[in-house]
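Chemist: Take this structure first; my questions come after.
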């Protein structure tokens, strides 16, 4: 009997592991689809009226919205909709972010595009650093050097997130160091800090998967709602909304 129970327990455990692995692989496939589809979406040209607000986003896959059930559920579109709602003006989003980007990629690829924009942005957001944490060859020192260049190039008063928290201890420690670096530089360059590290860490280890997509890395719809709230809190506190409201 004990042997039978042991076999049944082993079979059940194996089934759970297999189910978990299958779920993860399905999640990974969905993320790959998001990367391609959302990149195409943001690459499409958008025209608007002369009074339209211009919102420019820079960053990595989070700014693309990868992990959300649809592209409009990412944090960037959420900010755009909220901005349109409170200002009474159309909002055109130019999303220069790239999935997989590190801080070095922002310097090399996104800043030149930003400088070449044929308009002056009304609002700029940046999230970067998550890939600096997980990709080999990056350190708090290299992140600091790149971020110093990026933040010097952005218009004063941009809304910049520090680095989100990671559940895996070694990555969590690295993200904490990089978040501290980002906070100092954001203040030095007179931008507005969006404290994503604190917001994501407060979710805690046990609730981590409530806010992540099927790959257990990117935010899901609920996660992006939290990101958008963090950005919007900083935007509201800055007083920029009043300056952008319609004067009609």
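Residue numbers (this note's numbering): 18 to 265.
Glycine included, each C-beta is placed from N, C-alpha and C at the ideal position.
1. Quick one, which of 238, 161, 222 and 80 has its alpha-carbon nearest residue 203's?
2. Could you check the C-alpha separation between residue 52 and residue 81 for me, to the nearest Å?
3. I need the DSSP call for residue 237, collapsed to helix, strand or coil.
4. How would you call residue 256, buried or exposed, if buried means at least 16 neighbouring beta carbons within 10 angstroms?
5. Can you give me the Cβ contacts of residue 315 inside the same chain, cut-off strictly under 7 Å, excluding the 5 residues immediately before and after it?
6. Kindly identify the DSSP beta-bridge partner or partners of residue 197.
7. Could you tell me the distance, in whole angstroms, from the CA atom of residue 237 to the CA atom of residue 230?
8. Residue 153 and residue 194: beta carbons closer than 7 Å?
9. What's the C-alpha gap between residue 105 and residue 69?
10. Could you compute how far the alpha carbon of residue 259 sits from the alpha carbon of residue 252?
11. Is the beta carbon of residue 84 closer than 7 Å to that of residue 235?
12. Can you tell me where the alpha helix (DSSP H) holding residue 144 begins and where it ends?
13. Return the bridge partner residues of residue 250 from the DSSP annotation.
Modeler: In brief:
1. The residue given as residue 203 occupies position 186 in the chain shown. Looking at the Cα atoms, 161 is the closest of the given residues.
2. By one-based count along the chain shown, residue 52 stands at place 35. By one-based count along the chain shown, residue 81 stands at place 64. Each residue's alpha carbon lies about 8 Å from the other.
3. Your numbering for residue 237 matches position 220 in the chain shown. Three-state DSSP puts residue 237 in coil, outside helix and strand.
4. Position 239 of the chain shown, counted from the start, is the residue given in the question as residue 256. Exposed, because fewer than 16 other Cβ atoms sit within 10 Å of the Cβ of residue 256.
5. This structure cannot speak to residue 315, because the chain is shown only from 18 to 265.
6. For this step, residue 197 is matched to residue 180 along the chain shown. Residue 197 pairs with nothing; no bridge assigned.
7. For the purposes of this step, residue 237 is taken as the residue at position 220 of the chain shown. For the purposes of this step, residue 230 is taken as the residue at position 213 of the chain shown. Each residue's Cα considered, the two are about 5 Å apart.
8. Locating residue 153 in the chain shown gives position 136, counting from the first residue. Locating residue 194 in the chain shown gives position 177, counting from the first residue. No.
9. If you number the chain shown from 1, residue 105 lands on position 88. If you number the chain shown from 1, residue 69 lands on position 52. Spanning the two alpha carbons is a distance of roughly 10 Å.
10. Locating residue 259 in the chain shown gives position 242, where the first residue counts as 1. Locating residue 252 in the chain shown gives position 235, where the first residue counts as 1. Their backbone Cα atoms lie some 10 Å apart in a straight line.
11. The sequence position of residue 235 within the chain shown is 218, counting from 1. The sequence position of residue 84 within the chain shown is 67, counting from 1. Yes, the Cβ-Cβ distance between residue 235 and residue 84 is below 7 Å.
12. As a position in the chain shown, residue 144 is number 127, starting the count at 1. No alpha helix (DSSP H) holds residue 144; the beta strand (DSSP E) holding it covers 140 to 144.
13. If you number the chain shown from 1, residue 250 lands on position 233. DSSP lists no partner for residue 250.
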